[in-house]
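Here is the structure we will look at, set down as structure tokens.
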Ligand SMILES: [Zn+2]
């Protein structure tokens with residue numbers, strides 16, 4: 009490093025607005041609210057897309073882009089302020105106020121859907137080629153697809169009204185019921201205690217197996233006692249979805265989720281085929297975990313437990329910045345420069361102080377094309393990895409800085425590629441550092457392989473269960489006993505003998521909130537997709553070296569304007585509809601896993 013890094017721990021938000029309580033912020037807000045209202049009024053008076061209204065609708069699309077960009081600027085700013093000072097009521101009030109602007113803007117999007125719904129293809133093609141809309145083709149095509157899957161306006165309005173007391177009510181019932189649940193915890197030392205269900209998850213991540221098992225057993229007694237109510241909620245949610253899908257002309261229950269993920273069924277099938285074929289690798293990680301705790305395989309309640317490794321020494325903030333900068337600069341100079349620039353401009357918030365919201369995130373504005381990274385840095389190696397992860401997200405936005413906002417909205421499937429790439433750059437950079445202590449080495453290797461069971465087995469089991477359940481639900485309500493057996497069958501099939509005999513969780517369908525989110529189905533698989541895609545890309549980078557990087561950036565630039573298949577094929581020349589592509593990604597964990605397996609006996613003295 010030529011000059012010392014700027015290691016300030018608080019961020020500078022003046023790129024958004026000079027001051028929160030200055031005149032610019034309220035003026036910006038008022039103008040946005042007025043412009044949204046004006047545009048909405050104008051659009052609602054327009055006839056659907058025709059020769060006559062083509063120019064007018066082109067202007068509405070551009071206006072929508074402008075308004076969404078301004079709203080994004082405000083939400084990003086307010087989000088930063090609220091996260092960094094969660095106690096300040098003024099920020100929370102601003103967050104609430106933004107939700108109403110956002111709802112108004114959604115109505116404008118509804119008008120765009122109305123415009124394109126029955127438009128002939130030729131006319132739509134002319135709209136895509138209209139001056140000022142270059143680069144917005146994908147956005148327009150997706151609008152059209154979405155519009156085609158809507159019932160009449162009257163039916164959609166009725167459905168939305170009924171959903172408040174139907175679909176969403178089931179979800180609220182779940183939240184209310186589980187929010188008040190308590191379970192009896194029988195501590196290993198004989199103490200008995202009634203605990204809120206919300207504490208069960210952290211107890212199931214406890215290093216002591218007896219604690220995990222007690223939390224699991226105590227919790228499942230309560231889930232079992234409520235199984236009829238929960239099964240009714242789950243059946244109610246899925247049944248409503250099936251009915252709406254039928255009415256909307258949606259052919260398969262996965263379609264909506266696949267559309268959101270901008271991916272085809274063929275690709276997802278290829279992905280899961282590869283996982284089932286190569287499940288031996290992630291299972292090996294679990295068996296390693298088992299060996300460390302003295303068991304053959306693991307039980308369901310062991311999965312969240314920390315791998316029993318010695319903890320690496322603490323790393324202060326200045327060292328952390330140095331480690332990230334150095335490992336980026338060495339193998340990806342453009343990313344190294346970008347990170348140093350972020351530090352110089354004070355785009356990173358890392359200070360440890362009260363009243364910060366937990367967690368880490370990356371945000372940014374498409375108006376200023378600036379990014380910000382938020383975390384609370386606690387001197388751990390985990391936090392260094394988080395920093396590299398969030399800077400990876402920021403770099404993705406940085407690469408998209410010359411792309412029009414309508415073409416930057418990437419799906420969840422492509423959202424984690426750049427962040428995982430950032431993590432892997434750091435990990436691989438550090439693994440090459442001379443004089444690395446064995447504990448540090450094991451920590452880094454575990455960063456690479458430790459998450460494989462959750463992405464490749466846990467999520468796969470959830471997907472298998474959910475798919476089987478939705479399949480059976482088409483024929484009528486699915487009974488409680490059938491839900492239990494579908495769940496354990498899915499776990500058995502995916503985990504194989506890495507899961508102890510009797511180690512399944514028959515009530516996972518009840519305890520996992522994700523199955524009860526009324527606005528979203530098949531919540532989890534995009535994460536597996538992202539995890540494997542980033543591994544595949546990083547493996548390609550390691551094979552091809554720096555020649556790969558321009559294509560990688562071309563890929564990042566395409567993430568908001570193409571399907572996953574097209575984005576990968578056009579820029580990286582790979583076919584993700586084939587299981588081989590995914591198999592290669594899974595196999596990239598084999599080498600670090602072997603190294604970790606070899607390293608462990610010397611670290612923890614297992615036989
Ligand atoms: Zn992320």
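Residue numbers (our numbering): 9 to 615. All residues carry an ideal CB built from backbone N, CA and C; glycine is no exception.
With fewer than 16 other beta carbons inside 10 angstroms of its own, residue 184 counts as exposed. Only residues of its own chain outside the window of five on either side were considered, and among them 469 and 512 have a CB closer than 6 Å to the CB of residue 499, listed in chain order.
One residue after another in chain order, those with a Cβ under 6 Å from a heavy atom of ligand 1 are 397, 401, 424 and 427. Per DSSP, the beta-bridge partners of residue 370 are 381.
Rounded to whole angstroms, the Cβ separation of residue 573 and residue 275 is 6 Å, and the two are in contact under 8 Å.
About 18 Å separates the Cβ atoms of residue 121 and residue 79, ruling out a contact at the 8 Å cut-off. Excluding the 5 residues flanking it on each side, residue 45 has same chain C-beta neighbours closer than 8 Å at 112, in chain order. Closest in C-alpha terms to residue 64, from the list 87, 139, 259 and 101, comes 139. Pairwise C-beta distances place the stretch 554-561 out of contact with the stretch 521-540, as fewer than three of them are shorter than 8 Å. A straight line joining the alpha-carbon of residue 168 with that of residue 343 spans about 45 Å. Taking every protein chain shown into account, the CB of residue 525 has fewer than 16 other CB atoms within 10 angstroms, so this residue is exposed. Under the three-state reduction of DSSP, residue 204 is assigned to strand. A contact is defined here as three or more CB-CB pairs under 8 Å, and the stretch 276-284 meets this definition with respect to the stretch 588-600.
About 12 Å separates the beta carbon of residue 142 from that of residue 69, a gap too long to meet the 8 Å contact definition. Sequence-distant partners of residue 307 (beyond 5 residues in either direction) whose C-beta falls short of 6 Å from its own C-beta, in its chain, are 508 and 511. The beta carbon of residue 179 is closer than 6 Å to those of 524 and 526 in its chain, skipping five residues each way along the sequence. Counting along the chain, residue 194 sits inside the beta strand (DSSP E) bounded by residues 190-194.
With the rule of 3 Cβ pairs closer than 8 Å, the stretch 388-395 does not count as touching the stretch 42-56. Taken atom to atom, the span from the alpha-carbon of residue 224 to that of residue 292 is near 23 Å. Residues 368 and 383 of the same chain have their beta carbon placed closer than 7 Å to that of residue 394, with the five preceding and five following residues left out of the count. Within the same chain, and ignoring the five residues on either side of residue 363 in sequence, the residues whose Cβ sits closer than 6 Å to its Cβ are 93, 94 and 95. In this structure, residue 333 lies near residue 13, with their beta-carbon atoms less than 8 Å apart.
Sequence-distant partners of residue 401 (beyond 5 residues in either direction) whose C-beta falls short of 7 Å from its own C-beta, in its chain, are 370, 426 and 427.
A direct Cα-Cα distance of roughly 16 Å separates residue 550 from residue 582. The Cβ atoms of residue 374 and residue 77 lie closer than 8 Å to each other. For residue 33, the CB contacts under 6 Å within the same chain, skipping 5 residues up- and downstream, are 25 in chain order.
Ranked by Cα distance from residue 119, the first of 66, 128 and 413 is 66.
DSSP places residue 231 inside the alpha helix (DSSP H), whose first and last residues are 217-233. DSSP places residue 586 in no alpha helix (DSSP H); its state is neither H nor E.
One alpha carbon belongs to residue 206, the other to residue 478, and they sit about 27 Å apart.
In the DSSP annotation of this structure, the continuous segment of the alpha helix (DSSP H) that includes residue 34 starts and ends at 32-52. According to the DSSP secondary-structure assignment, residue 356 is paired through a beta bridge with 381.
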